[in-house]
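Chemist: Counting in our numbering, the sequence shown runs from 813 upward without gaps.
Note that beta-carbon positions come from the ideal geometry of N, C-alpha and C, so glycine has one too.
Note that the structure is predicted; figures quoted are calculated from it, not measured.
The following block contains the structure, expressed as structure tokens.
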Amino acid sequence: MKRQLFNIFILGLLLTFVSCKPGPEPTPQETNIAKGLFVLNEGTFTYANSSLTFYDPEADTVENNLFYRVNNAPLGDVANSMMLDETGMYIVVNNSKYIYKVDPKTMKYKSKLDGFTSPRHIMSINKNKAYVSDQESTGLWIINPETMQKTGFVELGNTTERMVRVGNEVVVTNWSNFYQPETSNSTIQFVNIDSDSLVAEMEVAPEPNSIVLDKNNNIWVLCSGGYLPPCEPALFCINPSSREIVKRFDFADGDYPSSLTIDDAKENIYFLNGGFGTLSLYKMSVDEETLPSTPLVNSQQSTVNGQSRVFTNVIISEDDDIYLTDVKNYVQNGEVLRYTSEGEFVTSFPAGIVPGAMMFN
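As structure tokens, then:
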């Protein structure tokens, strides 16, 4: 009996050892990226579960967790934006405070640049120069995207967010002063790309969150109005040469407009608007004199299992198809919905947790 108990004890030890032994590491997978749409999934704040999705619209196929599957490594915490240039593809991971550079065809890791405070967006100036905005630093970082090294800093006195290039200037929005309460969150600034210096500043409305350039070479700036009353949500059309406001459109109290984008022809702008968490999509010609009153895609009518959509971002393809991210409850995997330019539903595909920034290759 003792012998039998001893054998059972030894067998239990062996089973424990086998069950605790780590399995083999997943093998990185090869991939070849076609023409399509990248979707950057932010993930849950502090959980470091950001991910990358790729959608091929011609084949109507989707690949999730692309960065992890290729590199056998996590993307990081709160992946915020992307950029593609002649030297590679760049992914800004906000809460991890670094930028990844990957091969745009294979998604294989090439290098990483860290040491930022709270990086947000990246804009290419040329092969050897790019600007990186920062939510907690008062200016723009200058980096060399080819060598992935910091080369300088443009001091602006305000934190920085979205950027658009107009000739030899970059116009940057000052969206947040949450971490720098003494700075402005209601201005845009003009930076000379040759001297890397501030040349002008304009007052708009609180929290300019997005900016685009239209066919008339005017810039459009969308302001959510701030989160503390009195809120002033507004849309501005600005002549960047004269620094004059061409048009101003004021939204109703309680509106929270965001995610301004423009079509390839630079003739129509699109933005989300409504109450927080109930944003619908609106379309507007750059020649219009009034704000649209009827949404192109209504989040309250576009439902799934009786739940309204929670739209957070929009992008327009070169053939004018519309792509909208639906973050659902910010915990489960989200979804991307595809519509025609007239707002007719085409298809949808699954994404990761909190799908955000989108980019065509």
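Is it true that the CB of P1045 sits closer than 8 angstroms to the CB of Y1082?
Modeler: No; because the gap between Cβ atoms is not below 8 angstroms, this pair is not in contact.
Chemist: Can you round the beta-carbon distance between V983 and I1005 to whole angstroms, since I take them to be within the 8 angstroms contact cut?
Modeler: Actually they are not in contact, since the Cβ atoms of V983 and I1005 sit about 11 angstroms apart, beyond 8 angstroms.
Chemist: Can you tell me whether DSSP reads R881 as helix, strand or coil?
Modeler: Helix at R881.
Chemist: Output yes or no for whether 8 angstroms exceeds the beta carbon distance between I934 and M960.
Modeler: Cβ distance not < 8 angstroms, so I934 and M960 don't count as in contact.
Chemist: Would you mind sorting G855 into buried or exposed? The rule is 16 or more other CB atoms within 10 Å of its CB.
Modeler: Looking at its Cβ environment, which holds 16 or more other Cβ atoms inside 10 Å, G855 is buried.
Chemist: What is the C-beta distance between F866 and L878, in whole angstroms, given that I count them as a contact (C-beta under 8 angstroms)?
Modeler: Right, their Cβ atoms sit about 5 angstroms apart.
Chemist: Give me whichever residues DSSP pairs with R1060 in a beta bridge.
Modeler: DSSP lists F1048 as partners of R1060.
Chemist: So which of K924, T971, K941, P1042 has the shortest CA-CA distance to R932?
Modeler: Closest by alpha carbon: T971.
Chemist: Is the distance from the Cβ of R1121 to the Cβ of Y1135 below 8 angstroms?
Modeler: Not closer than 8 angstroms, so no.
Chemist: Counting only the same chain and skipping the five closest in sequence on each side, list residues whose C-beta sits under 7 angstroms from that of Q841.
Modeler: Correct list, in chain order: R881, V882.
Chemist: Which same chain residues, not among the five before or five after G1168, have their C-beta less than 6 angstroms away from its C-beta?
Modeler: L852, E854, N1125.
Chemist: Would you check if the distance between the CB atom of N1173 and the CB atom of P1162 is smaller than 8 angstroms?
Modeler: Cβ atoms of N1173 and P1162: not closer than 8 angstroms.
Chemist: Less than 8 angstroms between the C-beta atoms of Y910 and F928, yes or no?
Modeler: Cβ distance < 8 angstroms, so Y910 and F928 count as in contact.
Chemist: Can you check DSSP and say which residues form a bridge with Q1113?
Modeler: Q1113 pairs with nothing; no bridge assigned.
Chemist: Which term fits P1041, buried or exposed, when burial requires 16 or more other beta carbons within 10 angstroms of its beta carbon?
Modeler: Per the 10 Å Cβ criterion, exposed.
Chemist: Helix, strand or coil for F1002, going by three-state DSSP, please let me know.
Modeler: Of the three classes helix, strand and coil, the one that applies to F1002 here is strand, per DSSP.
Chemist: If you drop the 5 nearest sequence neighbours on each side, which residues of the same chain put their C-beta closer than 8 angstroms to that of S1022?
Modeler: R974, T985, V1033, L1034, S1070, S1071, L1072, T1073, F1083, listed in sequence order.
Chemist: In the DSSP assignment, find the unbroken beta strand (DSSP E) run with G900 in it and report its ends.
Modeler: Where G900 is concerned, the enclosing beta strand (DSSP E) stretches over 900 to 905.
Chemist: For F1048, does the count of other Cβ atoms within 10 angstroms reach 16, so buried, or fall short, so exposed?
Modeler: Buried: at least 16 other Cβ atoms inside 10 Å.
Chemist: What are the boundary residues of the beta strand (DSSP E) that S862 is part of?
Modeler: Per DSSP, S862 belongs to no beta strand (DSSP E) and is neither H nor E.
Chemist: For E1079 and K1027, which I take to be in contact (beta-carbon distance under 8 angstroms), what is that distance rounded to the nearest angstrom?
Modeler: Between K1027 and E1079 the Cβ distance is about 6 angstroms, and since that is below 8 angstroms, they are a contact.
Chemist: Cα separation between E1154 and D926?
Modeler: Straight-line Cα distance between these residues: approximately 42 angstroms.
Chemist: Give the secondary structure of C1035 by DSSP, where H, G and I count as helix, E and B as strand, and everything else as coil.
Modeler: If DSSP states are grouped into helix, strand and coil, C1035 belongs with the strands.
Chemist: Below 8 angstroms on the Cβ atoms is my contact criterion, and I expect V1166 with Y1142 to pass it. Report the Cβ-Cβ distance as a whole number of Å.
Modeler: Between Y1142 and V1166 the Cβ distance is about 6 angstroms, and since that is below 8 angstroms, they are a contact.
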